[in-house]
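Quick note: to get our numbering, add 9 to the position in the sequence shown (first position is 1). C-beta: ideal position from N, C-alpha, C; glycine also. Have a look at the structure below, then the notes.
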Amino acid sequence: MLIGSDIFFDLLKADKIGLANGNLILQESELGYVVSLKLPTEVTSNYCCLAVETKLDNAIKEFFEIESFRTDSFDSTKSEEEKFCEEHFVKTHSRTKSGRYIVSLPMKENADSVLGFSRENAVKRLNGIWNKLNKNNTLAALYKAFLQEYLDLGHMQQIIDEDNTKFYYIPHHCIYKPEKTTTPLRVVFDASAKTSTGQSLDSILLNRDSIQDDLFSLVTRFRTHKYAFSADIQKMYRQILVEPSQRYLQRIVWKETNN
Numbered sequence: 010m011l012i013g014s015d016i017f018f019d020l021l022k023a024d025k026i027g028l029a030n031g032n033l034i035l036q037e038s039e040l041g042y043v044v045s046l047k048l049p050t051e052v053t054s055n056y057c058c059l060a061v062e063t064k065l066d067n068a069i070k071e072f073f074e075i076e077s078f079r080t081d082s083f084d085s086t087k088s089e090e091e092k093f094c095e096e097h098f099v100k101t102h103s104r105t106k107s108g109r110y111i112v113s114l115p116m117k118e119n120a121d122s123v124l125g126f127s128r129e130n131a132v133k134r135l136n137g138i139w140n141k142l143n144k145n146n147t148l149a150a151l152y153k154a155f156l157q158e159y160l161d162l163g164h165m166q167q168i169i170d171e172d173n174t175k176f177y178y179i180p181h182h183c184i185y186k187p188e189k190t191t192t193p194l195r196v197v198f199d200a201s202a203k204t205s206t207g208q209s210l211d212s213i214l215l216n217r218d219s220i221q222d223d224l225f226s227l228v229t230r231f232r233t234h235k236y237a238f239s240a241d242i243q244k245m246y247r248q249i250l251v252e253p254s255q256r257y258l259q260r261i262v263w264k265e266t267n268n
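What follows is the structure, given as structure tokens:
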């Protein structure tokens with residue numbers, strides 16, 4: 010006989026008899042005595058112990074296999090432009106005797122023919138800067154010191170050449186934060202400035218997304234070990250040299266006074 014739980018307890022009466030062993034109970038109901046029995050239970054616990062000793066050479070091999078997985082798995086998602094940029098770097102980069110990298114800019118097809126003229130706009134921007142510098146001697150001194158450091162470090166050199174048909178002149182301006190004690194002024198070079206054809210240095214170069222790990226991965230990996238070292242590369246991007254044949258694309262105009 011099957012009885013639903015919604016009416017089962019309505020059928021029970023008060024009389025309840027427990028037999029001597031305590032496992033068997035007789036419960037009076039409208040249908041007579043109901044017999045209930047406590048079944049013996051047996052709890053079984055399983056334990057497994059495993060000790061593994063990994064050889065160092067195998068551990069290193071597995072580490073590099075895991076590291077290379079990211080590159081292989083994401084390779085299929087790269088666009089043709091991204092693949093070309095990587096291949097271009099591999100084929101064209103070189104290093105100086107001191108170890109510094111020399112890279113070639115990944116230019117689009119017929120980039121030189123569409124770039125246009127840029128010097129006139131760069132000169133106008135420079136004159137506008139000097140209008141501001143003439144009103145602030147501190148700002149002028151910092152601006153001149155910034156570019157002088159470029160010269161002193163060999164990160165740029167003076168060129169006397171009036172032919173501007175082929176060159177790209179990058180306009181520049183400054184970001185001035187006098188409250189900062191270390192670097193109150195920073196000069197920014199605007200490679201997205203348009204030329205006479207509406208193009209810019211940025212627009213004639215192919216693009217490749219960053220291949221660095223995201224910030225979360227970097228921080229997580231940083232916390233893996235008990236001790237960590239941190240360091241800073243001074244003027245990091247300027248340590249990479251541009252192929253000499255392409256340096257005509259990175260000219261600027263400058264003058265020490267407003268005259």
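Here's a check: name, in chain order, each residue in its chain whose Cβ is nearer than 8 Å to the Cβ of residue i, leaving out the five neighbours to either side.
{"i": "residue 117", "result": "213, 214 and 215"}
{"i": "residue 159", "result": "165"}
{"i": "residue 168", "result": "260"}
{"i": "residue 101", "result": "112, 113 and 252"}
Quick check on the DSSP output: the alpha helix (DSSP H) that includes residue i runs from which residue to which?
{"i": "residue 23", "result": "Not the alpha helix (DSSP H): residue 23 falls in the beta strand (DSSP E), residues 21 to 27."}
{"i": "residue 94", "result": "89 to 101"}
{"i": "residue 228", "result": "224 to 231"}
{"i": "residue 159", "result": "146 to 161"}
{"i": "residue 16", "result": "14 to 17"}
{"i": "residue 138", "result": "128 to 142"}
{"i": "residue 121", "result": "120 to 124"}
For the beta strand (DSSP E) that contains residue i, what are its first and last residues?
{"i": "residue 111", "result": "110 to 112"}
{"i": "residue 297", "result": "There is no way to answer for residue 297, as the model of the chain reaches only from 10 to 268."}
{"i": "residue 195", "result": "194 to 198"}
{"i": "residue 38", "result": "33 to 38"}
{"i": "residue 184", "result": "181 to 185"}
Taking the alpha carbon of residue i as the reference point, which residue from the options has its own alpha carbon closest?
{"i": "residue 115", "options": "91, 131 and 134", "result": "91"}
{"i": "residue 239", "options": "246, 248, 168 and 228", "result": "228"}
{"i": "residue 197", "options": "221, 265 and 134", "result": "134"}
{"i": "residue 244", "options": "202, 155, 201 and 224", "result": "155"}
{"i": "residue 183", "options": "13, 247, 153 and 242", "result": "153"}
{"i": "residue 201", "options": "95, 259, 218 and 150", "result": "259"}
For residue i, which residues from the same chain have a beta carbon less than 6 Å from its beta carbon, with the 5 sequence-adjacent residues on both sides left out?
{"i": "residue 37", "result": "22 and 24"}
{"i": "residue 255", "result": "114"}
{"i": "residue 97", "result": "115"}
{"i": "residue 205", "result": "125 and 126"}
{"i": "residue 139", "result": "267"}
{"i": "residue 20", "result": "38 and 39"}
Within its chain, find whatever has a CB closer than 7 Å to the CB of residue i; leave out the 5 residues flanking it on each side and keep chain order.
{"i": "residue 46", "result": "32 and 33"}
{"i": "residue 237", "result": "231"}
{"i": "residue 187", "result": "193"}
Considering only the beta carbon of each residue, do residue i and residue j sit closer than 8 Å?
{"i": "residue 262", "j": "residue 128", "result": "yes"}
{"i": "residue 120", "j": "residue 178", "result": "no"}
{"i": "residue 199", "j": "residue 181", "result": "yes"}
{"i": "residue 185", "j": "residue 148", "result": "yes"}
{"i": "residue 110", "j": "residue 210", "result": "no"}
{"i": "residue 35", "j": "residue 26", "result": "yes"}
{"i": "residue 257", "j": "residue 176", "result": "yes"}
{"i": "residue 95", "j": "residue 247", "result": "no"}
{"i": "residue 123", "j": "residue 221", "result": "no"}
{"i": "residue 151", "j": "residue 194", "result": "yes"}
{"i": "residue 99", "j": "residue 252", "result": "no"}
Establish whether the CB of residue i and some CB of chain D are separated by less than 8 Å.
{"i": "residue 98", "result": "Looking at the structure shown, chain D is missing, and only one protein chain is on hand."}
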